[in-house]
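Data first, discussion second: the structure below is written as structure tokens.
Protein chains in written order, with this note's numbering: chain W, 1 to 364; chain Y, 1001 to 1307.
Have a look at this one:
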């Protein structure tokens, strides 16, 4: 059993505090993704779990035991680094077997486990090569192989895919998912890419400026963001935010036009409150070219500024009440700049946030 | 001439241009390298003595070389030079590595220390020799003085006169002067080393010694081989320090190849013989350089994968 528990975890660099007391429990065999913009403390948190960064305050427990004072080698974890961190003077076989060799395993066992790992990751043909002779994707697979041969209690991934090109990243994402399904182990995965977070995670931890913003399954975080920050960070293209004021049970926008308050926030919206009305591009579509056509909505005539055709859908840039917004058009239809279209806003799927604190006004 | 169309003439002239442009460089090289080299090689086949210029024209074939084969003094100096090289390079490597590791750990004042470290290299070897001659002097030397003041030694130790201590003293001076070459190159290696493989090794189960042994050391070995190549050429031609400190004595116990060659060539005026000796000792330098270069190339093969 290897659950990982972070208790009021703090990291200070001199006088600046990088991580502000994080509490998180990660269950046995769970795949947790820490996601956030750069500088949010996600990598620092991971490195504190690994033991590569000293803990300023609070505790890290792995498998029930506090490991604060243990060096990395005694924590029974493996880590995959952003820059692969392969040992350049060893070939793939030696790279994979290095941890086992250091642990004093018999040579026959090492060979067998290295062959197994190479088989899983499709590295069998490459075992005699040195890292210099491998492509980026192959290097990353070796780094993953090195992590799995040791059969650790937990895997830590530190932005493992960010050095790869987009196509390879997609492939490796699928391989990591497959790997986790075959080698059931606790995983803590750090990324700044919300797509990786959505596709890989059992639970997503959204971090911002050294604090946890929201913890939840990908669908919870996507459908019920607790703050405007999470709402704009998760989902691509990001959620549109329309500033407005609550007035007479409606959200009054900058140009004086009004949209009804989304039902889920109706109980919490106070009269006169400054708010942000959040609505995803997928929920703003020309009539007849959207996803959900039933439920409460509002229809607006808007002028297309730019259209980016993507084939079966187009991304449309337009303005609502002076605020630039992105909208989606589903279906293979050409749209020209300057064209006027009637857009339908699916307000049952819209969100309302307090403008000052960014907190969601959704009733829970 | 009718066969040469203007076009063909032009092409021929074009072919000459690169050679014409390179000619000055060839001429300088011939004058300062090829000619002296050829001349000295020629004299090694003659009984050339500086005081009898006519001997330059007497061809004696390989006699200088065959004489050298049976010359005990020469081979003793040869062996001593190899020993001197081996001890000095190893001590300098280990001491330099230690210094580089310590300096790579400090975060404040690193640049200043690096500059201070280079001070010994700024002195002429002759002056370093004189300095250590006085440090090790048995009567007025600061070392004996200190040892006696601290009651670590009763009488005066004859550092430069005792056969073993004299060699030790010279090696000490050599190490003092040149350890920083290793330290600086190894420090450059340590500072350029990526942090990730070290962290990966720590997670992979290595204790600090194992990290050093399996990750750090292989990474900086190419830098060590570069330092060793440079230093082996330097030490193999050691002359100044030895000449000043002991003059090859006592009784030829610190005679190295080049002090012997200089003595043969200038004091005994047997230039033909001295050149024969020099050609054999150059083989030694070539052997060391070749050895370290092979090591360097083997060690560098993987460096590309370090990023």
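Even for Gly, the Cβ is constructed at its ideal location relative to N, Cα and C. These numbers were taken from a predicted model, which means no experiment stands behind them.
### Message
One question on the structure: do residue 365 (chain W) and residue 288 (chain W) come within less than 8 Å of each other, judged by their Cβ atoms?
### Response
Within the shown structure, residues of chain W are numbered from 1 to 364, placing residue 365 (chain W) beyond reach of any answer.
### Query
Hey, how far is the Cα of residue 18 (chain W) from the Cα of residue 203 (chain W)?
23 Å
### Query
Would residue 1114 (chain Y) pass as a contact of residue 1222 (chain Y) if the rule is Cβ separation under 8 Å?
no
### Message
Looking only at its chain, what residues have a beta carbon closer than 8 Å to the beta carbon of residue 301 (chain W), apart from the 5 residues adjacent to it on each side?
### Response
340, 341, 342, 343
### Task
Anything in the segment 1179-1200 of chain Y with a Cβ closer than 8 Å to a Cβ of chain W? List those residues in chain order, please.
1194, 1196, 1197, 1199, 1200
### Residues within the segment 76-101 of chain W neighbouring chain Y, beta-carbon criterion of under 7 Å
77, 78, 79, 81, 83, 85, 86, 87, 88, 89, 98, 99
#### Entry: Rounded C-alpha distance that separates residue 352 (chain W) from residue 260 (chain W)
11 Å
### Query
By how many angstroms is the C-alpha of residue 178 (chain W) removed from the C-alpha of residue 360 (chain W)?
35 Å
### Query
So, does the CB of residue 2 (chain W) fall closer than 8 Å to a CB anywhere in chain Y?
no
### Neighbourhood of residue 216 (chain W) by C-beta distance below 7 Å, restricted to the same chain and skipping five residues each side
203, 204
### Message
Distance cutoff 8 Å, beta carbons only. Does residue 141 (chain W) sit that close to anything in chain Y?
### Response
no
### Query
Over what stretch of residues does the beta strand (DSSP E) that includes residue 177 (chain W) continue unbroken?
Premise fails: residue 177 (chain W) lies in the alpha helix (DSSP H), 166-182, not in any beta strand (DSSP E).
### Message
Counting only C-beta atoms, is residue 237 (chain W) closer than 8 Å to chain Y at any point?
### Response
no
#### Entry: Members of the segment 54-77 of chain W that neighbour chain Y once the beta carbon cut-off is set at 9 Å
71, 72, 73, 74, 75, 77
#### Entry: Which listed residue (W:247, W:230, W:248, W:249) has its alpha carbon closest to that of residue 241 (chain W)
W:230
### Query
Taking a cut of 8 Å between CB atoms, which residues from the segment 339-354 of chain W lie near chain Y?
none
### Query
What is the DSSP secondary structure of residue 371 (chain W), counted as helix, strand or coil?
The structure shown does not extend to residue 371 (chain W), since chain W is modelled only from 1 to 364, so the question has no answer here.
#### Entry: Buried/exposed call for residue 1275 (chain Y), threshold 16 Cβ in 10 Å
buried
### Query
residue 103 (chain W) touches chain Y at which residues, Cβ-Cβ below 7 Å?
1205
#### Entry: Inter-residue spacing [alpha-carbon to alpha-carbon] between residue 1306 (chain Y) and residue 87 (chain W)
For residue 1306 (chain Y), the pLDDT reaches just 44, beneath the cut-off of 50, and the residue's location in the model is therefore unreliable, leaving the point undetermined.
### Query
Name the chain W residues that come within less than 7 Å of residue 1218 (chain Y), Cβ to Cβ?
89
### Task
Determine whether the Cβ of residue 1215 (chain Y) lies closer than 8 Å to any Cβ atom of chain W.
yes
### Query
How about the segment 1176-1190 of chain Y and the segment 1095-1104 of chain Y: do they share at least three Cβ pairs that are nearer than 8 Å?
yes
### Query
Can you tell which of Y:1178, Y:1165, Y:1063, Y:1278 has its C-alpha closest to the C-alpha of residue 1234 (chain Y)?
Y:1178
### Message
Let me see if you follow: with CB-CB separation under 8 Å, is residue 50 (chain W) close to chain Y or not?
### Response
yes
### Query
Should residue 1041 (chain Y) go down as buried or exposed, given a rule of 16 or more other Cβ atoms within 10 Å for buried?
exposed
#### Entry: Per-residue burial, residue 167 (chain W) [other beta carbons within 10 Å of its own, 16 or more giving buried]
exposed
### Query
Shorter than 8 Å from the beta carbon of residue 1110 (chain Y) to some beta carbon of chain W?
no
### Query
Given a threshold of 16 other Cβ atoms within 10 Å of its Cβ, counted over all protein chains shown, does residue 1132 (chain Y) qualify as buried or as exposed?
buried
### Query
Can a CB atom of chain W be found closer than 8 Å to the CB of residue 1210 (chain Y)?
yes
### Message
With distance defined between alpha-carbon atoms, name the residue in Y:1170, Y:1066, Y:1107 nearest to residue 1085 (chain Y).
### Response
Y:1170
### Query
The beta strand (DSSP E) with residue 9 (chain W) in it runs from where to where?
4-13
### Task
With residue 1042 (chain Y) as the anchor, note down where its alpha helix (DSSP H) starts and where it stops.
1035-1043
#### Entry: 8 Å Cβ cutoff met for residue 1049 (chain Y) and residue 1055 (chain Y)
yes
### Query
Hey, is residue 1202 (chain Y)'s beta-carbon within less than 8 Å of any beta-carbon in chain W?
yes
### Query
Would you say residue 254 (chain W) faces chain A, with C-beta separation under 8 Å as the test?
Looking at the structure shown, chain A is missing, and the protein chains on hand are W and Y.
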